[in-house]
Structures are given as C-alpha cells and as structure tokens.
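For reference, the structure discussed in these notes is given below.
Protein chains: 2
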Amino acid sequence: MDRTEIQDLGEFGLIGKLTEGLVKRQPSTILGVGDDAAVVDPAGKRVVLSTDMLVEGVHFDLSYVPLKHLGYKAVIANLSDICAMNAMPTQIVVGLGISNRFSVEALEELYLGMKLACELYEVDLVGGDTTSSPSGLMISVTVMGLADSDKLVSRGGAKSGDLLVVSGDLGSAYMGLQVLEREKSVFKDAPTVQPELNDHAYILERQLKPEARTDIVRELSDLEVKPTSMIDVSDGLASECMHLMAASGLGVRLYEDKLPIDSKTYDTAREFNLDPTLCMLSGGEDYELLFTISPDDYEKLRNHPKLSFIGHMTDNPDERIMVTKSGTDVELKAQGWDGIKKG
Amino acid sequence: MDRTEIQDLGEFGLIGKLTEGLVKRQPSTILGVGDDAAVVDPAGKRVVLSTDMLVEGVHFDLSYVPLKHLGYKAVIANLSDICAMNAMPTQIVVGLGISNRFSVEALEELYLGMKLACELYEVDLVGGDTTSSPSGLMISVTVMGLADSDKLVSRGGAKSGDLLVVSGDLGSAYMGLQVLEREKSVFKDAPTVQPELNDHAYILERQLKPEARTDIVRELSDLEVKPTSMIDVSDGLASECMHLMAASGLGVRLYEDKLPIDSKTYDTAREFNLDPTLCMLSGGEDYELLFTISPDDYEKLRNHPKLSFIGHMTDNPDERIMVTKSGTDVELKAQGWDGIKKG
Numbered sequence: 005m006d007r008t009e010i011q012d013l014g015e016f017g018l019i020g021k022l023t024e025g026l027v028k029r030q031p032s033t034i035l036g037v038g039d040d041a042a043v044v045d046p047a048g049k050r051v052v053l054s055t056d057m058l059v060e061g062v063h064f065d066l067s068y069v070p071l072k073h074l075g076y077k078a079v080i081a082n083l084s085d086i087c088a089m090n091a092m093p094t095q096i097v098v099g100l101g102i103s104n105r106f107s108v109e110a111l112e113e114l115y116l117g118m119k120l121a122c123e124l125y126e127v128d129l130v131g132g133d134t135t136s137s138p139s140g141l142m143i144s145v146t147v148m149g150l151a152d153s154d155k156l157v158s159r160g161g162a163k164s165g166d167l168l169v170v171s172g173d174l175g176s177a178y179m180g181l182q183v184l185e186r187e188k189s190v191f192k193d194a195p196t197v198q199p200e201l202n203d204h205a206y207i208l209e210r211q212l213k214p215e216a217r218t219d220i221v222r223e224l225s226d227l228e229v230k231p232t233s234m235i236d237v238s239d240g241l242a243s244e245c246m247h248l249m250a251a252s253g254l255g256v257r258l259y260e261d262k263l264p265i266d267s268k269t270y271d272t273a274r275e276f277n278l279d280p281t282l283c284m285l286s287g288g289e290d291y292e293l294l295f296t297i298s299p300d301d302y303e304k305l306r307n308h309p310k311l312s313f314i315g316h317m318t319d320n321p322d323e324r325i326m327v328t329k330s331g332t333d334v335e336l337k338a339q340g341w342d343g344i345k346k347g
Numbered sequence: 005m006d007r008t009e010i011q012d013l014g015e016f017g018l019i020g021k022l023t024e025g026l027v028k029r030q031p032s033t034i035l036g037v038g039d040d041a042a043v044v045d046p047a048g049k050r051v052v053l054s055t056d057m058l059v060e061g062v063h064f065d066l067s068y069v070p071l072k073h074l075g076y077k078a079v080i081a082n083l084s085d086i087c088a089m090n091a092m093p094t095q096i097v098v099g100l101g102i103s104n105r106f107s108v109e110a111l112e113e114l115y116l117g118m119k120l121a122c123e124l125y126e127v128d129l130v131g132g133d134t135t136s137s138p139s140g141l142m143i144s145v146t147v148m149g150l151a152d153s154d155k156l157v158s159r160g161g162a163k164s165g166d167l168l169v170v171s172g173d174l175g176s177a178y179m180g181l182q183v184l185e186r187e188k189s190v191f192k193d194a195p196t197v198q199p200e201l202n203d204h205a206y207i208l209e210r211q212l213k214p215e216a217r218t219d220i221v222r223e224l225s226d227l228e229v230k231p232t233s234m235i236d237v238s239d240g241l242a243s244e245c246m247h248l249m250a251a252s253g254l255g256v257r258l259y260e261d262k263l264p265i266d267s268k269t270y271d272t273a274r275e276f277n278l279d280p281t282l283c284m285l286s287g288g289e290d291y292e293l294l295f296t297i298s299p300d301d302y303e304k305l306r307n308h309p310k311l312s313f314i315g316h317m318t319d320n321p322d323e324r325i326m327v328t329k330s331g332t333d334v335e336l337k338a339q340g341w342d343g344i345k346k347g
C-alpha cells in the first residue's frame, strides 16, 4: 500500500481528501463540510445531541481492529445513543487527533468505515476537525438526531409494573473481543500461526461491526408503541438496568431464562470458561435497545421476532433482582467488563 | 491542594461532580446532562453545528496555561465558529480524554473555566463523555447554535467591491504566546526568577482568555447589516482572507495602514524583533470576526468603534495583495505561525 505523509497534503488538503465523495442524504442538511459550522434545518422537530470520545489503547487496539471497522463502530456507538432517545440520527461531526504514525491512506480507511456507516444509516457527515496528536489516535464523534417532541423517550418515566424489553441478543460483542484478544496473544507467541476466526464469524461481527437499532425505533413507531423509558446497552445489561431504575426511582426483576443469547455466543462463553449469563449482564458494546413499555402495549409486541421480554419494573427502588433458572433471587451487580473476569 | 484520584469517584461520580451546579440558561434546552443524549428545541430556527479537538502538546502546554483558562478557551474557540456563521451559540457538549496524571481537582479547574465561559455567553453545557487516556489531555468541544435562516452567513457570498471588515485588533494572542514561551524558557534556566508578565497583561489575556464576538453578531443585527461573507480569525488574517476569496471566487486587496493593532502588541512585537504586520497577518487565535459587507452598508458601520475597514474584494481571483504603508503591492501568503519565525 502507498504511504502518503499527512504533511504532504496539509490540514486542508487532508480534510478535502477524507471528505471527498460525501453526498447529502438528509433533507435537513443545509450546509455540510467546508465552512465554520454546518447548518441544519430541524423543520419543527426537536434536536437530539450526543458525543463520544474513543482513545487508542483504551477503547480500541489497532493490532486487531482494522481502521475501517473502527471508523464504522465509532459512528454506530453514537447513532445508538440517538436511538436510545427514540429519535433518528441525521448528522454527525467528527474530530480526529492523529499521530504521524498514520499515513493519509490509513486515515482514508478510517473514513471509509465512517462513510459506510453514514451511507447505511442515511446520516450526513457535516463537519469536523482534524489535528495532530503526539501519540496515538483519538476519535471524537458528535451526533445530532431529530424527533417529534411527543416521541422522545428519556431514561426516566417508567412506572411500576412496566415490562422490560431488550432487542436482539446480548453478550456477543464481549465474546467477540475475547476471541480477538486470544488470537492476538497466540499471534505474539507464534506469529506464523493463522488466526482461528472463521468459527466465530457472528460474534466477531458483533464486536467489529455492530449495528445501531434504528430499525427498532422505526418499528416501534409503526406499531404505535412509545416506550416509557429507554437506554442503549453499551456497558452491559446490569449497568443499563440500574440507570433506568435510578432515573425512574423504581426497582427491577429480571428473569435469567428470558435473557436473549445467541447459541454461538453461549458455546464460545463455555469454551472460554465464562458464565454466559454474566457475559449478557456485564459484557458491553452490544448496542441493543433496553426499554420499558406499559403492559397495555404487550399484545402489540409479544410476537415481535427481534424483541425479548426479560422482566419488569417494581415499586421498591432497592430491589435489583435476577431470578435464576433454578428460581433463586440473586442481586444484580453492575460490575462491567472487569467484573466478568474477576467473577 | 487536595488530590482525589479519578478512580475513587468512578466515571459516573466524576461526571456528576464536574457537572454539579450547571444551570439552564437557554429556553431551547429541554434536557441536559444525564441521559443518552441532550434534547434541544430549535423553535423554528436553523441549527448551526461545529466541533474542535484540542490536544495537549499540540494546542496547549500545561506548563504555562492554567487549566481554568484552558477550559475557558476551549469553549470560546467553538463559540467563535458559531459567531462566524452570524448565529448565536446556545449549547455545547464536551468530550474529555484524561490520563491518570490528572486529579479530580485538576478536572474541576478545567470545568470551572468551561462553566465560566458558559455563564458569560449564556450557553448550556448539555452533555459529554469522560474517558481515560494513556497519556496527555484531550478536549473535544462541539457547539450548537441557532439563527433565523435568513440571517445565516457562510464563507462564500461576497461580491467584487464588497468591503472587508475586521473586529477588534489582531496579533495580540500570538504575541501573548511569545511572552509565555519566553518566560517558560527563562524559568527552565533559572527556576527562582519570577516571571515578568505584568507589563503584558493585555496580550496575555488575549492569549489565555480570548473572547468570542457574540457582541458583534448582536450589533450587526441591531444595525440591520447582514455581512455578505464571514469567518473567524483563528489561523491568522492572511489565511482567513484566502478562505473568503476561495469561497466567493474573488480576489482581495488589503491596506497595511488600516490593519488594527493594539499599541502594546506593536511594542512587544518590536521587543521580540518581529514584524508587527506579519504578526497580524499570520498570528492566530484572535477569534475576531472577518467579514465583507456591501458598500451600501458602509454608512451604518463607518463609525463603529469595534470595527476596522481593511480592504475590499476584487473580481480577479488570483489577486491577493496587501498595499504596504509605502504604497507597494505585496502578495499575501498564508504561512501561519511557523512562517512568522522563519520570515
């Protein structure tokens, strides 16, 4: 692969090259990349705004995450925050801090992933800031979305008795990371061994190319269901449950046998001597939507193929219970990723 | 000063502490810090969006920039981008990457500066992301502003014969940086010598505590003047002139004797053996507004105490001329800061 140094292009040349070929997909985008700021016409809707910072060595390891996937995922994590408000993402702005280790071609790969996410989700990349960094890569993405004011859903607002629903399946992104880390350490010990990744296509895709659930936002709207509270699963189910509880002043009861797990994820957890349930509760980055609905809406969603009813809200704010498969109550702990390995 | 480690508070504890005492100043802010995203009601206006990334060792040096000033300036640089669209800033979101070198108290200082800027400019801090970093501090600020659609001004849109106007004075922030860098090297050689900063209060303030020209945006509106094109002076006058030229497909003629410089800045440039005009043309971070107006609006602004008429646009896009005090035409070069020292 050719290597073009960033200083050969200069800042404006680099921005021009990276943003080449951007097309406008949102009617709300009035002015995109290339001025002091972007201009968006919200046309009577509410604006939803969120930001995320990704730092090399903390959020990603370039020895096993391809730059294109990193760009894709950086955008998806942000789109997911907008979905969690029951809104649709419309524009992003991107800040990059880049060390001279990266060539123009490497940054083009990163942008390729960002542009692909924008294309698939019909989101416009409307601005950014590209600067140098003494070491490592840092990516800041800020996303803007739009929603009718009566459609917005926050983390608070659930009532006791509301049903807890989650989209898709859980724990796969975490198990994908375990596979990547194992292959990385195998590679360090024996660099000529080919990585054994084929068996793990699904969980690797969940880790490397996650999706934001705009489809769920759209389908809930079509089915005329407005969740009473909602959050996206970025830190793990247990942690997100606690956020919903705290924001609504309620307790929660989860049922272990209702938690959705893919069979590949289950088998891989066993292979790694990890508890599959703990992977669902504490593994993050699934970017599924966790939300509560009024029992009145149960019939509308009960047969929805992408949704699982996993528990309900209770009026005791100190109650944070998972009922195990054997019928025992255990207390939920939001221990995050570190907790899985210690646990 | 006490030192509290960030891990003692945890991510959510830290965010809670940093965002303590935030009050809502904008009626457009519906939902601020604490959910997946912030919600803003644009109430029929256009949304203006811009982002900036600041990296330790590239954009700031903590050995002479106090954290509170850094926080203030990080916000101001973004507000200035919104002013450059002839819009008013209303909300910001902040991303921080922090190494374990920083205590909770240090981050509170940084946030104190950000909160002060928000207070003075009546802007709401509505969200953010705080994460660890393997080394150094990085700050990403994204700002949102609002404007009536017929008030927005981009970089393009000037016509031949339009007058070029700049607010305030130029080159001071650059000279402030020179003083700080000199005192830093004196301090390295003789750590007991007290820094000689008192004589340079104005230019140090311009470097350490710059302001965004929301006042100019407001006054232009009151005077019913809509600029035909506008940009803020962050990289230096010459570079910004070239952006306006390129966006409008025009040339420019500047007059050296019309360029506004503060007398302290002039004297300090001489003391450092630097050409004061070059400091105005190539020194950045003044955050003044550079704009063009139709000659029809000249009478409305000619006696404005904060504005200088420094030149005009011409219909030859290859013309980039400064007429010197001696009446000679010289070609403008956008060489940035590096150019001043080489030149």
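One line per chain: the protein sequences are A and B, in this order. If you read the first sequence in the numbering used here, its first letter stands for residue 5, the second for the next number, and so on. If you read the second sequence in the numbering used here, its first letter stands for residue 5, the second for the next number, and so on. Note that the Cβ used here is the ideal one computed from N, Cα and C, for glycine as well. These numbers come from a predicted model, not from an experiment.
Which listed residue (B:GLY161, B:LYS230 and B:GLY25) has its alpha carbon closest to that of ASP154 of chain B: Counting from one through the second sequence, the residue named residue 154 of chain B turns up at place 150. The residue with the shortest Cα to Cα distance from ASP154 of chain B is B:LYS230.
Proximal residues to LEU167 of chain B (C-beta, below 7 angstroms), its chain only, five neighbours per side dropped: For this step, residue 167 of chain B is matched to residue 163 along the second sequence. The residues are THR296, ILE297, PRO299, TYR302, PHE313 and HIS316.
Interface flag, THR33 of chain A vs chain B, CB-CB below 8 angstroms: Working through the first sequence from its first residue, we reach residue 33 of chain A at position 29. Using beta-carbon distances, THR33 of chain A does not count as an interface residue toward chain B, since no partner is under 8 angstroms.
Residue burial classification, SER137 of chain A (beta-carbon count within 10 angstroms, cutoff 16): The count along the first sequence starts at 1 and reaches residue 137 of chain A at position 133. Burial call: buried.
For SER238 of chain A, the nearest candidate out of A:ILE80, A:ARG29 and A:ALA42 (CA to CA): Here residue 238 of chain A refers to the residue found at position 234 of the first sequence. Per the Cα distances, A:ILE80.
Range of the contiguous alpha helix (DSSP H) that encloses THR281 of chain B: Mapped onto the second sequence, residue 281 of chain B falls at position 277. Taken as a continuous stretch (DSSP letters only), the alpha helix (DSSP H) holding THR281 of chain B covers 280–286.
Length of the line joining the Cα atoms of GLY140 of chain B and ILE102 of chain B: Taking the first residue of the second sequence as position 1, residue 140 of chain B is located at position 136. Taking the first residue of the second sequence as position 1, residue 102 of chain B is located at position 98. So the alpha carbons of these two residues sit roughly 7 angstroms apart.
Neighbour-count burial assignment, LEU22 of chain A, 16 or more Cβ in a 10 Å radius: Translated into positions along the first sequence, residue 22 of chain A becomes position 18. Buried, because 16 or more other Cβ atoms sit within 10 Å of the Cβ of LEU22 of chain A.
Assigned secondary structure, ALA338 of chain A (DSSP; H/G/I helix, E/B strand, else coil): The residue given as residue 338 of chain A occupies position 334 in the first sequence. Coil, per DSSP.
Sheet register partners of GLU60 of chain B (DSSP bridge): As a position in the second sequence, residue 60 of chain B is number 56, starting the count at 1. According to DSSP, which records beta bridges pairwise, GLU60 of chain B is partnered with B:PHE64.
Sub-8 angstroms separation of PRO264 of chain B and GLY131 of chain B beta-carbons: Indexing the second sequence from 1 puts residue 264 of chain B at position 260. Indexing the second sequence from 1 puts residue 131 of chain B at position 127. Not a contact, by the Cβ cut-off of 8 angstroms.
GLU60 of chain A to ALA78 of chain A span [Cα, whole Å]: Locating residue 60 of chain A in the first sequence gives position 56, where the first residue counts as 1. Locating residue 78 of chain A in the first sequence gives position 74, where the first residue counts as 1. Cα to Cα, GLU60 of chain A sits roughly 12 angstroms from ALA78 of chain A.
Three-state secondary structure (DSSP) of PRO46 of chain A: Counting from 1 along the first sequence, the entry for residue 46 of chain A is found at position 42. In the structure shown, the three-state DSSP call for PRO46 of chain A is coil.
Span separating the alpha-carbon of LEU156 of chain B from that of ASP56 of chain B: Here the question's residue 156 of chain B lines up with position 152 in the second sequence. Here the question's residue 56 of chain B lines up with position 52 in the second sequence. Taking the Cα positions, LEU156 of chain B is about 20 angstroms away from ASP56 of chain B.
Contact set for ALA151 of chain A: own chain, Cβ-Cβ below 8 angstroms, skip 5 residues either direction: Position 147 of the first sequence, counted from the start, is the residue given in the question as residue 151 of chain A. Closer than 8 angstroms at the Cβ level, and outside the excluded window around ALA151 of chain A, lie LYS49, ARG50, VAL52, MET89, ASN90, ALA91 and MET92.
Candidates B:GLU185, B:TYR115, B:ALA250 and B:ASP40, of which the one nearest SER67 of chain B by Cα: Counting from 1 along the second sequence, the entry for residue 67 of chain B is found at position 63. The closest CA to that of SER67 of chain B, considering only B:GLU185, B:TYR115, B:ALA250 and B:ASP40, is found on B:GLU185.
Minimum Cβ-Cβ distance from GLY17 of chain A to chain B less than 8 angstroms: To locate residue 17 of chain A, count along the first sequence from 1; it is residue 13. Cβ-Cβ to chain B under 8 angstroms: no for GLY17 of chain A.
LYS329 of chain B to GLU260 of chain B span [Cα, whole Å]: As a position in the second sequence, residue 329 of chain B is number 325, starting the count at 1. As a position in the second sequence, residue 260 of chain B is number 256, starting the count at 1. In this structure, the alpha-carbon of LYS329 of chain B lies about 6 angstroms from that of GLU260 of chain B.
Selection of the segment 257–280 of chain B by Cβ proximity to chain A, strictly under 8 angstroms: None of the residues of the segment 257–280 of chain B has a beta carbon lying less than 8 angstroms from any beta carbon of chain A.
Limits of the beta strand (DSSP E) - the one that VAL256 of chain B falls within: Indexing the second sequence from 1 puts residue 256 of chain B at position 252. Start and end: 255–259.
Integer-rounded CB distance, given that ILE235 of chain A should sit under 8 angstroms from ARG159 of chain A: Stepping through the first sequence from its first residue, residue 159 of chain A is reached at position 155. Stepping through the first sequence from its first residue, residue 235 of chain A is reached at position 231. Going by Cβ atoms, the distance from ARG159 of chain A to ILE235 of chain A rounds to 5 angstroms, so yes, they are a contact pair.
Spatial distance of TYR270 of chain B from PRO280 of chain B (CA atoms): Counting from 1 along the second sequence, the entry for residue 270 of chain B is found at position 266. Counting from 1 along the second sequence, the entry for residue 280 of chain B is found at position 276. If I take the Cα positions, the gap works out to 6 angstroms.
Nearest-angstrom Cα separation, counted from GLN95 of chain B out to ALA121 of chain B: Your numbering for residue 121 of chain B matches position 117 in the second sequence. Your numbering for residue 95 of chain B matches position 91 in the second sequence. Taking the straight line from one Cα to the other gives about 12 angstroms.
Cβ-based neighbour list, THR135 of chain B, same chain, cut-off 6 angstroms, excluding 5 preceding and 5 following: Taking the second sequence and counting its residues from 1, the one referred to as residue 135 of chain B is at position 131. For THR135 of chain B, the CB contacts under 6 angstroms within the same chain, skipping 5 residues up- and downstream, are GLY101 in chain order.
ARG2 of chain B: contacting residues in chain A (beta-carbon distance under 9 angstroms): Because chain B here runs from 5 to 347, residue 2 of chain B falls outside it and cannot be looked at.
DSSP state of HIS204 of chain B mapped onto helix, strand, coil: Translated into positions along the second sequence, residue 204 of chain B becomes position 200. HIS204 of chain B carries a helical assignment under DSSP once its states are collapsed to helix, strand and coil.
Neighbour list for LEU100 of chain A in chain B, Cβ cutoff strictly below 9 angstroms: Within the first sequence, residue 100 of chain A is the residue found at index 96, counting from 1. Simply MET57.
Nearest-angstrom Cα separation, counted from MET148 of chain B out to VAL44 of chain B: In the second sequence, counting from the first residue as 1, residue 44 of chain B sits at position 40. In the second sequence, counting from the first residue as 1, residue 148 of chain B sits at position 144. Rounded to whole angstroms, VAL44 of chain B to MET148 of chain B spans 10 angstroms at the Cα level.
Residue-level contact to chain A via CB, ILE235 of chain B, 8 angstroms cutoff: Within the second sequence, numbered from 1, the residue matching residue 235 of chain B stands at position 231. Taking a beta-carbon distance threshold of 8 angstroms, ILE235 of chain B counts as an interface residue toward chain A.
Segment limits, beta strand (DSSP E) that includes ARG186 of chain B: Here residue 186 of chain B refers to the residue found at position 182 when the second sequence is read from its first residue. Taken as a continuous stretch (DSSP letters only), ARG186 of chain B belongs to no beta strand (DSSP E), being part of the alpha helix (DSSP H) at 176–193.
Any C-beta of chain A under 8 angstroms from that of ASP154 of chain B: On the second sequence, residue 154 of chain B is found 150 positions in, with the first residue counted as 1. Contacts with chain A at 8 angstroms (Cβ-Cβ) do not include ASP154 of chain B.
According to DSSP, residues forming a beta bridge with PHE295 of chain A: Residue 295 of chain A sits at position 291 when you count from the first residue of the first sequence. Note: PHE295 of chain A sits in a beta bridge opposite A:VAL169 and A:MET234.
Stretch pair the segment 284–294 of chain B + the segment 205–225 of chain B: three plus CB contacts closer than 8 angstroms: Verdict: yes, contact present.
Through-space distance from ASP193 of chain A to ASN104 of chain A, alpha-carbon basis: Locating residue 104 of chain A in the first sequence gives position 100, counting from the first residue. Locating residue 193 of chain A in the first sequence gives position 189, counting from the first residue. The alpha-carbon atoms of ASN104 of chain A and ASP193 of chain A are separated by roughly 28 angstroms.
Closest Cα partner of VAL127 of chain B within the set B:ARG274, B:GLU113, B:CYS87 and B:GLY161: In the second sequence, residue 127 of chain B corresponds to position 123, counting from 1. Cα-wise, what sits closest to VAL127 of chain B is B:CYS87.
Cβ-based burial, LYS346 of chain A [other Cβ within 10 Å; buried from 16]: The residue labelled residue 346 of chain A in the question sits at position 342 within the first sequence. Residue confidence is low: LYS346 of chain A scores 41 on pLDDT, short of 50, so the model does not pin down where it sits. Its coordinate-derived value is still stated next. Burial state of LYS346 of chain A is exposed, judged by a 10 Å Cβ sphere holding fewer than 16 other Cβ atoms.
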